[in-house]
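A short worksheet on the structure shown next.
There are 2 protein chains.
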Amino acid sequence: MLVLHDFLDSGNGYKVRLTLAHLGIPYRLVEQDILTGATRTAGFLKKNPNGRIPTLELEDGTCLAESNAITYYLARDTRLWPQDKLEQAQTLQWMFFEQYSHEPYIAVLRAWKHVGFGVTPERLARVPELEKRGYAALDVMESHLKGRRCFVGERFGLADIALYAYTHVAEEGGFELARYPAIRGWLAGVAAQPGHVPITFRPPVGKTGPAAAE
Amino acid sequence: MLVLHDFLDSGNGYKVRLTLAHLGIPYRLVEQDILTGATRTAGFLKKNPNGRIPTLELEDGTCLAESNAITYYLARDTRLWPQDKLEQAQTLQWMFFEQYSHEPYIAVLRAWKHVGFGVTPERLARVPELEKRGYAALDVMESHLKGRRCFVGERFGLADIALYAYTHVAEEGGFELARYPAIRGWLAGVAAQPGHVPITFRPPVGKTGPAAAE
């Protein structure tokens, strides 16, 4: 069975848990407390030398890192990954946008303010810059989502999962979503997808398969 | 013909130019001066609302952004993208590693010190942190490359292109590569690939196809 090393508050981990739930893939969750350095131990660094969750351990022991690479591995041959080459590249475009222009601001402010990393004086000085860049990412999303139900083509897929993960909890980092009606409509649409689970979802121990997502 | 909006000093843009050269794909280069805000004009924001190069304009006017999504689009059906699903996911893992754990430190210090963005007092205060994180990325790469010729499997591909772009000019940002023999061996191997071009490569105007890479 697949083993997912993860931390429940992580939006990056949630992308993988949400993909697994949508696809009804059984797995075992091993929680790693990133607040106390669990991913920087010698044992964990053998699984992922970059010392981060989520890390997916395959049945033969091979470990795969980077949330968006893991969801690709799980979903390439499913309805969550488009067939058309341009739509595949557009999906990746939004996944890279998420990791470069969105997560370092929206997720990081949430990690400092909400998850428990804390706002040190040095971090406090960087808050205005991170807010500015986080709102710039939300502006790009709002503009793209006007008149659309999902990020790429007509079908819910990995780009939506990648961007939903930290956007739906952006207010925990201090971002105000009231001014973004298109984003709020899209968030509601993602949450209404059959098979959706919340960020705090843990697979029931001893249960596997599609039922685990219910 | 494809149109690539790019800035020659950009390693992100170089990933795309290097992929185009390896594949012998003709294109027209339109240089955008990011130092004077050329990618933040109303005209450019219609092509890429995130205001960044590289942006690839397809023959029908569709624009694709994010360097690693563009190289996927160009190379999916070629020798630069592996056939095996796990190797595809491992390629993406290294491409996301590059954008999240490598570029924001190694490319950013080079942009400040070498490309012309400048080291303001506020930036100067952040240099030690960026150096620490950049060296952490180089440590992960060194450890992975020991005994390997390329990042994924046995064949040069998109993961190598993604990581070569800013690693081969890391010293321009102040990173010392002498302590990384495996990285230096791999850099030499990438530069020795048939079809390789340097970061300053411009396609000759009026010439197209494989000859443009010579």
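These protein sequence lines map, in sequence, to chains A and B. All residue numbers for the first sequence refer to our numbering, where the first residue is 345 and numbers rise by one. All residue numbers for the second sequence refer to our numbering, where the first residue is 345 and numbers rise by one. Note that CB positions come from ideal geometry on N, CA and C, so glycine has one too.
Name the residue from the options whose alpha carbon lies nearest to the alpha carbon of residue i.
| i | options | result |
| --- | --- | --- |
| A:Pro448 | A:Glu475, A:Gly460, A:Lys391 and A:Ala365 | A:Glu475 |
| A:Ile505 | A:Leu362, A:Leu482 and A:Pro465 | A:Leu362 |
| A:Met345 | A:Lys359, A:Ile369, A:Val484 and A:Lys429 | A:Ile369 |
| B:Trp416 | A:Ala481, A:Thr464 and A:Asp428 | At residue 416 of chain B the sequence reads Tyr, which differs from the Trp that was named. That would be A:Asp428, whose Cα lies nearest to the Cα of B:Tyr416. |
| A:Ser445 | A:Thr399, A:Pro426, A:Leu400 and A:Val484 | A:Val484 |
| B:Phe351 | B:Thr380, B:Leu367 and B:His366 | B:Thr380 |
| A:Val374 | A:Phe441, A:Val347, A:Leu367 and A:Gln537 | A:Val347 |
| B:Asp421 | B:Glu515, B:Gly357, B:Gln537 and B:Leu367 | B:Leu367 |
Output the distance between the C-alpha atoms of residue i and residue j, rounded to the nearest integer angstrom.
| i | j | result |
| --- | --- | --- |
| A:His349 | A:Leu364 | 13 Å |
| A:Ala469 | A:Leu424 | 40 Å |
| B:Arg384 | B:Pro393 | 9 Å |
| B:Asn528 | B:Ala522 | This sequence places Arg at residue 528 of chain B; Asn is not what is there. For B:Arg528 and B:Ala522, the distance between alpha carbons rounds to 8 Å. |
| A:Arg396 | B:Pro548 | 43 Å |
| A:Asp404 | B:Asp353 | 42 Å |
| B:Phe461 | A:Ile543 | 39 Å |
| A:Gly539 | B:Phe388 | 39 Å |
| B:Arg344 | B:Lys391 | Outside the displayed span of chain B (345 to 558) sits residue 344 of chain B, for which this structure offers no information. |
| A:Leu402 | A:Val513 | 29 Å |
| B:Tyr524 | B:Arg492 | 14 Å |
| B:Val452 | B:Tyr510 | 10 Å |
| A:Cys407 | A:Glu486 | 35 Å |
| A:Leu489 | B:Ala526 | 45 Å |
| B:Lys359 | A:Ala455 | 32 Å |
| A:Ala555 | B:Gly517 | Here A:Ala555 scores only 41 on pLDDT, less than 50, and its place in the model should not be relied on; the value that follows carries that caveat. Their Cα atoms are separated by approximately 51 Å. |
| A:Gly478 | A:Pro472 | 10 Å |
| B:Pro398 | B:Ala419 | 16 Å |
| B:His458 | A:Leu400 | 38 Å |
| B:Pro426 | B:Pro465 | 45 Å |
| B:Gln430 | B:Ala382 | Rather than Gln, the amino acid found at residue 430 of chain B in this sequence is Leu. Those two C-alpha atoms are separated by around 39 Å. |
| A:Phe545 | B:Gln432 | 28 Å |
| B:Val541 | B:Gly355 | 13 Å |
| A:Gly357 | A:Gln537 | 19 Å |
| A:Phe441 | B:Phe441 | 13 Å |
| A:Ala386 | B:Ile378 | 42 Å |
| B:Arg467 | A:Arg467 | 14 Å |
| A:Val463 | A:Glu515 | 16 Å |
What is the DSSP secondary structure of residue i, counted as helix, strand or coil?
| i | result |
| --- | --- |
| A:Asp350 | strand |
| A:Ala555 | Caution applies to A:Ala555, whose pLDDT of 41 falls short of 50 and renders its modelled position unreliable; the value that the coordinates give is listed next. Note: A:Ala555 maps to helix in three-state DSSP. |
| A:Thr399 | strand |
| B:Val484 | helix |
| B:Leu424 | coil |
| B:Leu430 | helix |
| B:Ala409 | strand |
| B:Gly524 | Correcting the residue identity first, residue 524 of chain B is Tyr in this sequence and not Gly. Here B:Tyr524 sits in coil by DSSP. |
| A:Val374 | strand |
| A:Gly497 | coil |
| A:Gln443 | helix |
| A:Lys391 | helix |
| A:Pro448 | helix |
| A:Val541 | coil |
| B:Thr511 | helix |
| A:Arg546 | coil |
| A:Asp504 | helix |
| A:Lys490 | coil |
| B:Ile414 | helix |
| A:Glu459 | As written in the sequence, residue 459 of chain A is Val, which differs from the Glu given in the question. A:Val459 falls in the helix class under three-state DSSP. |
| A:Thr464 | coil |
How many whole angstroms separate the CB atoms of residue i and residue j, which I take to be in contact at a CB cut-off of 8 Å?
| i | j | result |
| --- | --- | --- |
| B:Gln443 | A:Gln443 | 6 Å |
| B:Asp507 | B:Phe495 | It should be noted that the sequence gives Leu, not Asp, for residue 507 of chain B. 6 Å between Cβ atoms; contact. |
| A:Ile450 | A:Ala481 | 7 Å |
Shorter than 7 Å, the distance from the beta carbon of residue i to the closest heavy atom of the ligand PLP, or not?
| i | result |
| --- | --- |
| A:Glu410 | Absent from the structure shown: the ligand PLP. Ligands present: none. |
contact_flag[the region 423 to 443 of chain B, the region 394 to 413 of chain A] where n(CB pairs < 8 Å) is 3 or more:
yes
Using 8 Å as the Cβ pair cut-off and three pairs as the minimum, do the region 529 to 543 of chain A and the region 494 to 508 of chain A touch?
Using a Cβ-Cβ distance cut-off of 8 Å, the region 529 to 543 of chain A and the region 494 to 508 of chain A are in contact, since at least three pairs of beta carbons, one from each stretch, lie closer than that value.
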